[in-house]
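FYI, in this note's numbering the residues of the sequence shown are 6 to 159. Built from N, CA and C at the ideal position, the CB exists for glycine as well. Fair warning: this is a prediction, and the values are worked out from it, not measured in the lab. Notes to accompany the following structure.
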Amino acid sequence: MTKIKRTPAGEAMTGFILDLFRVNGLLLTAGDRLVASLGLTSARWQILGAIVAAERPEPVAWLARNLGANRQNVQRIVNDLERDGLVAFETNPHHRRAQLVVLTDKGRQISDAASRLQTPWVNGLADGLSVKEIEAAHRVIGALRDRLEGTGEG
Numbered sequence: 006m007t008k009i010k011r012t013p014a015g016e017a018m019t020g021f022i023l024d025l026f027r028v029n030g031l032l033l034t035a036g037d038r039l040v041a042s043l044g045l046t047s048a049r050w051q052i053l054g055a056i057v058a059a060e061r062p063e064p065v066a067w068l069a070r071n072l073g074a075n076r077q078n079v080q081r082i083v084n085d086l087e088r089d090g091l092v093a094f095e096t097n098p099h100h101r102r103a104q105l106v107v108l109t110d111k112g113r114q115i116s117d118a119a120s121r122l123q124t125p126w127v128n129g130l131a132d133g134l135s136v137k138e139i140e141a142a143h144r145v146i147g148a149l150r151d152r153l154e155g156t157g158e159g
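Dropping the structure here:
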C-alpha cells in the first residue's frame with residue numbers, strides 16, 4: 006500500500022494547525038478566567054464583542070456567520086445574554102422573524118468592563134513580540150481562514 010506523504014509545507018501546516026487547536030483551548034480557558042468576575046464566559050464575551058463590533062444591529066444568523074460559528078449555538082448564547090439583561094431583541098424591518106440583537110445599557114457596561122480587563126492581559130501577551138511578527142501571524146491565519154471559508158470546509 007502506497008503511503009501518501011505530506012509536502013514540507015503540508016507538514017509545517019499540520020504542526021501549525023495542531024498549535025492553533027492548543028492555542029484555541031488555552032485562549033478559551035484564559036478568557037473564562039479573565040471575565041468570570043463579570044459573570045461572563047469566553048463564549049458570551051465573544052458574542053458581546055461581535056455585537057459591539059457590528060456597524061448596526063444584526064440578527065443572530067449574521068452574528069454567527071461573522072464569527073464562523075453555528076447559528077444554533079449563537080442563538081442559545083444570545084438567549085442567555087437576553088435572560089441576564091445584557092442584550093435585547095428589536096424588530097427587524099427587513100425580516101419579520103429574524104429579530105435584531107442589541108446591547109442593553111447593562112450589556113454595554115459589562116462589555117466595557119471586559120475590555121478594561123483585556124487590555125493589560127493582551128498587552129502582556131504581546132510583550133516581547135514585534136508588531137511585524139504579530140501582523141505576519143495574523144496574515145497567515147487570515148489566509149488559512151479564507152481558504153477554509155472558500156472551500157466550505159470552515
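Starting from the C-beta of residue i, find all residues in its chain whose C-beta is less than 6 angstroms away, skip the five residues before and the five after it, and write them out in chain order.
i: Asp110; result: none
If you measure between the beta carbons of residue i and residue j, is that distance less than 8 angstroms?
i: Val161; j: Pro62; result: In the structure as shown, the chain starts at 6 and stops at 159, and residue 161 therefore has no counterpart that could be examined.
i: Leu86; j: Val79; result: no
i: Arg11; j: Thr19; result: yes
i: Leu161; j: Ala55; result: This structure cannot speak to residue 161, because the chain is shown only from 6 to 159.
Is there a Cβ from chain C that is less than 8 angstroms from the Cβ of residue i?
i: Ile52; result: The structure shown has no chain C; it contains just one protein chain.
For residue i, which of the options has the nearest alpha-carbon?
i: Ala119; options: Ile82, Val40, Glu138; result: Val40
i: Ser116; options: Asp24, Ser47, Ala14, Arg150; result: Ser47
i: Gln123; options: Trp50, Gly30, Gly44; result: Trp50
i: Leu45; options: Gly90, Glu154, Ala103, Asn71; result: Gly90
Output the boundary residues of the alpha helix (DSSP H) element that contains residue i.
i: Ala41; result: Unbroken run through Ala41: none, as it is neither H nor E.
i: Glu95; result: Run containing Glu95: none in the alpha helix (DSSP H); it sits in the beta strand (DSSP E), 92-95.
Excluding the 5 residues flanking residue i on each side, which residues of the same chain have their C-beta closer than 7 angstroms to its C-beta?
i: Arg76; result: Val65, Ala66, Ala69
Starting from the C-beta of residue i, find all residues in its chain whose C-beta is less than 8 angstroms away, skip the five residues before and the five after it, and write them out in chain order.
i: Leu72; result: Gln51, Ile52, Ala55, Val79
i: Leu134; result: none
i: His100; result: Pro64
For the pair the segment 143-150 and the segment 118-134, tell me if three or more CB-CB distances fall below 8 angstroms.
Not touching, per the Cβ criterion.
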